[in-house]
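Under my numbering, think of the first position of the sequence shown as 282, with each following residue one higher.
Read the structure below first, then the notes.
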Amino acid sequence: MPEAGWLFDALTIVAAGVAVAALTQRLGLGTILGYLLAGALIGPPLLGLVRESEAAAVLGELGVVFLLFTIGLELPLPRLRAVGSRAFVLGVGQMALTIAAFWGLCAFWGIGHAIGIAVGAGLAFSSTAIVLRILTDQSSLFGRKGRTIFAILVVQDVLVGPLLVVVITLGQDGGQGGGDIGLQMALALLKSVLAVGVILFLGRLLLDRLMRAVAETAMPELFTGVTLLIVLGFAGATHAAGLSLAFGAFLAGIILAETGYRHQIAADMRPFRGLLLGLFFVTVGMKVDLRLLWLRPIDVLGLTLVVLTVKALLILLLCYAFGLKGRLPLRVALLLAQGGEFAFVLWGTAHAGGIIPKLTLELLILVVAITMGLTPLLALVERRLAREAPATPPPDVPGVVDAELEAVEGHVVVAGCGLVGRQVLRHLRDAGRPAVGIDLDARQVARARARGLLAWYGDASQPDVLETVHVERARAVVVAFDDSRTVVRLVTLLRYLFPDMPILARVHVEADADELTRAGATLVVPEVIDTGRHLAEPILGKG
Numbered sequence: 282m283p284e285a286g287w288l289f290d291a292l293t294i295v296a297a298g299v300a301v302a303a304l305t306q307r308l309g310l311g312t313i314l315g316y317l318l319a320g321a322l323i324g325p326p327l328l329g330l331v332r333e334s335e336a337a338a339v340l341g342e343l344g345v346v347f348l349l350f351t352i353g354l355e356l357p358l359p360r361l362r363a364v365g366s367r368a369f370v371l372g373v374g375q376m377a378l379t380i381a382a383f384w385g386l387c388a389f390w391g392i393g394h395a396i397g398i399a400v401g402a403g404l405a406f407s408s409t410a411i412v413l414r415i416l417t418d419q420s421s422l423f424g425r426k427g428r429t430i431f432a433i434l435v436v437q438d439v440l441v442g443p444l445l446v447v448v449i450t451l452g453q454d455g456g457q458g459g460g461d462i463g464l465q466m467a468l469a470l471l472k473s474v475l476a477v478g479v480i481l482f483l484g485r486l487l488l489d490r491l492m493r494a495v496a497e498t499a500m501p502e503l504f505t506g507v508t509l510l511i512v513l514g515f516a517g518a519t520h521a522a523g524l525s526l527a528f529g530a531f532l533a534g535i536i537l538a539e540t541g542y543r544h545q546i547a548a549d550m551r552p553f554r555g556l557l558l559g560l561f562f563v564t565v566g567m568k569v570d571l572r573l574l575w576l577r578p579i580d581v582l583g584l585t586l587v588v589l590t591v592k593a594l595l596i597l598l599l600c601y602a603f604g605l606k607g608r609l610p611l612r613v614a615l616l617l618a619q620g621g622e623f624a625f626v627l628w629g630t631a632h633a634g635g636i637i638p639k640l641t642l643e644l645l646i647l648v649v650a651i652t653m654g655l656t657p658l659l660a661l662v663e664r665r666l667a668r669e670a671p672a673t674p675p676p677d678v679p680g681v682v683d684a685e686l687e688a689v690e691g692h693v694v695v696a697g698c699g700l701v702g703r704q705v706l707r708h709l710r711d712a713g714r715p716a717v718g719i720d721l722d723a724r725q726v727a728r729a730r731a732r733g734l735l736a737w738y739g740d741a742s743q744p745d746v747l748e749t750v751h752v753e754r755a756r757a758v759v760v761a762f763d764d765s766r767t768v769v770r771l772v773t774l775l776r777y778l779f780p781d782m783p784i785l786a787r788v789h790v791e792a793d794a795d796e797l798t799r800a801g802a803t804l805v806v807p808e809v810i811d812t813g814r815h816l817a818e819p820i821l822g823k824g
């Protein structure tokens with residue numbers, strides 16, 4: 282039965298990915314290398330346990346889509362502008378020089394111009410999925426190194442469409458490289474820029490209103506569903522414009538980053554990103570034919586060394602030329618020296634157009650996969666070179682979350698922005714104490730923000746949402762929801778997650794006070810006139 286075959290493939294992919302990734306993680310090599318190895322082992326070229334599936338490949342690509350979306354959520358437009366135009370020029374220079382260098386090497390080895398251009402275009406890309414995953418794990422995405430690398434990766438994403446036009450045109454010209462390539466590239470780039478402009482305009486015009494309307498329904502499943510629809514819709518729009526799916530998701534992220542709902546959105550999307558991104562790396566590994574390591578070891582290892590060395594040297598020289606100092610250029614070069622996932626798309630198109638022969642394609646895929654697999658090891662070298670704490674954003678650049686939240690410490694988290702919650706926030710603000718409210722009721726959040734209080738839309742019972750408001754750095758948590766069952770459940774969760782955290786809670790009925798105390802509440806305040814003041818006073822030292 283087809284269903285049984287599909288189920289066996291799914292079980293094999295998940296089991297192999299989990300087992301090998303756990304092993305490589307235990308060996309200190311990271312999970313990415315494990316996923317790639319798992320795919321190579323179970324794929325058609327080696328053990329053949331799983332056949333290449335278009336469905337699996339699509340799901341894997343969605344992992345990159347959700348990764349770029351969550352990165353975009355941490356990059357509102359003011360933050361993106363802070364990356365700087367020079368960094369984007371650096372990205373264009375990296376692409377142009379890398380293509381020219383490998384094109385020249387191919388010509389030196391007697392390889393035709395069409396193949397040389399296609400090979401150079403593919404090798405110019407770095408792995409967005411791997412590099413951003415590493416930067417996120419290092420907490421260095423928004424340091425100077427991270428911003429430089431991110432700008433280069435964004436430029437690479439933008440150039441996917443125009444370079445595909447080049448490869449398609451080369452195939453139509455029988456590999457001769459017709460004179461209209463430049464015109465078609467310019468038209469493709471213009472189409473891409475116009476598409477991005479339209480998407481950003483419509484997105485900024487509509488998305489905040491849409492998310493507000495959805496949040497006001499107080500239906501978490503609808504909120505998650507609409508978010509998924511936005512991500513996939515933006516991805517489809519940019520794909521139709523000749524750009525990558527991931528770039529559309531990135532645009533959706535930076536638009537939603539300017540809304541008051543991004544913390545809850547990030548928490549909702551995180552499970553999708555982690556699961557699908559692992560599947561992506563397994564599907565990449567399935568394309569690798571490890572038998573070539575035995576059949577053509579010199580070619581494979583030699584080309585791998587050439588790719589890593591040439592790309593690293595070019596990026597190193599460009600970084601120095603653009604004024605980067607110290608060890609920073611070397612650190613950037615080490616993290617971007619690998620090939621990327623877009624190379625597979627480009628070379629697949631080139632193979633279909635008769636430019637790249639099948640054996641050459643298999644060799645190139647293996648070389649790029651090896652460079653991707655070596656990236657976690659290069660990242661370890663880069664961290665040893667750095668010998669510094671994880672990078673933090675400089676003062677003039679907005680942080681990963683809003684500046685008020687990033688800088689806050691010793692604050693009070695108020696769960697519930699209803700009347701009592703707003704009273705607590707107001708008393709603390711008037712006393713000069715930092716406090717942030719969080720509520721899943723969009724109307725209550727809007728009322729709090731309208732009064733100048735710091736409040737965010739989010740589910741306080743989700744650890745990921747609590748992390749975004751830095752509960753671990755808080756002085757205390759006040760649970761001010763109206764529903765008694767909700768208060769008890771949240772107090773129980775908070776006490777489990779933060780055993781030493783002072784937790785203050787309101788109670789409607791005196792009989793419920795004992796239950797809240799058993800659940801872990803440090804102080805229970807009964808429902809009285811001006812309950813908010815009574816909850817705030819112990820924190821202010823007046824109670």
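Quick reminder that beta carbons are idealized off the backbone N, C-alpha and C, glycines included.
Here the alpha carbon of residue 481 sits roughly 22 Å from the alpha carbon of residue 409.
In the three-state scheme derived from DSSP, where H, G and I count as helix and E and B as strand, residue 720 is classed as strand. Looking at the DSSP output, residue 693 shares a beta bridge with 716, 757.
Taking every protein chain shown into account, the CB of residue 500 has fewer than 16 other CB atoms within 10 angstroms, so this residue is exposed. The C-beta distance from residue 569 to residue 326 rounds to 7 Å, short enough to fall under 8 Å.
Of the residues assessed, residue 703 falls on the buried side of the cut-off, its CB having 16 or more other CB atoms within 10 angstroms. Across the set 406, 298, 374, the C-alpha of 406 shows the shortest separation from the C-alpha of residue 616. Under the three-state reduction of DSSP, residue 804 is assigned to strand. The beta carbon of residue 489 is closer than 6 Å to those of 540 in its chain, skipping five residues each way along the sequence. Beyond the five residues adjoining it in sequence on each side, residue 663 comes within less than 7 Å, by CB distance, of 612, 615, 616 in the same chain, given in chain order. Contact between the region 575 to 585 and the region 385 to 397 is absent: fewer than three C-beta pairs spanning the two stretches fall below 8 Å.
Straight-line spacing of the CA atoms in residue 403 and residue 623 works out to 7 Å. Distances from the CA of residue 316 to each of 556, 600, 692, 626 were compared; the closest alpha carbon is that of 556. Taking a cut-off of 8 Å on C-beta distances, the region 716 to 725 touches the region 738 to 749, as three or more cross pairs fall below it. Just so you know, the alpha carbons of residue 631 and residue 734 end up roughly 56 Å apart. Each residue's CA atom was taken as its position, placing residue 342 and residue 802 some 45 Å apart.
One thing to note: residue 563 has its Cβ within 7 Å of the Cβ of residue 319. Only residues of its own chain outside the window of five on either side were considered, and among them 387, 636, 637 have a CB closer than 7 Å to the CB of residue 396, listed in chain order. 314 is the residue among 289, 291, 314, 292 whose C-alpha sits nearest the C-alpha of residue 301.
Contact between residue 433 and residue 656 does not hold, since the beta-carbon distance rounds to 15 Å and is not under 8 Å. Within the same chain, 323, 330, 331 come within 8 Å of residue 293 by CB-CB distance, once the 5 residues on both sides are set aside. In the structure shown, residue 328 adopts coil according to DSSP, grouped into three states. When secondary structure is reduced to three states using DSSP, residue 527 falls in the helix class.
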